[in-house]
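Residue numbers (my numbering): 67 to 106. For glycine and all other residues, C-beta sits at the position ideal for the given N, C-alpha and C.
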């Protein structure tokens with residue numbers, strides 16, 4: 067394995083994890099805010 071490739075793969079995995087975490091946080095925030103105006 068090329069060390070640069072391994073580093074890029076780690077960075078990509080880290081970005082993917084950060085994206086998933088951000089999406090999960092957004093989902094939780096939307097569920098916890100009933101006054102978003104969409105449902106009522």
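Under the three-state DSSP convention, the category residue i falls into
i: residue 79; result: helix
i: residue 67; result: coil
Rounded straight-line distance, which links the Cα of residue j to that of residue i
i: residue 82; j: residue 97; result: 23 Å
i: residue 74; j: residue 80; result: 10 Å
i: residue 87; j: residue 78; result: 14 Å
i: residue 85; j: residue 70; result: 22 Å
i: residue 93; j: residue 68; result: 37 Å
Proximity test, Cβ basis, 9 Å: residue i and chain D
i: residue 89; result: Judged by its chain identifiers, the structure shown contains no chain D, having just a single protein chain.
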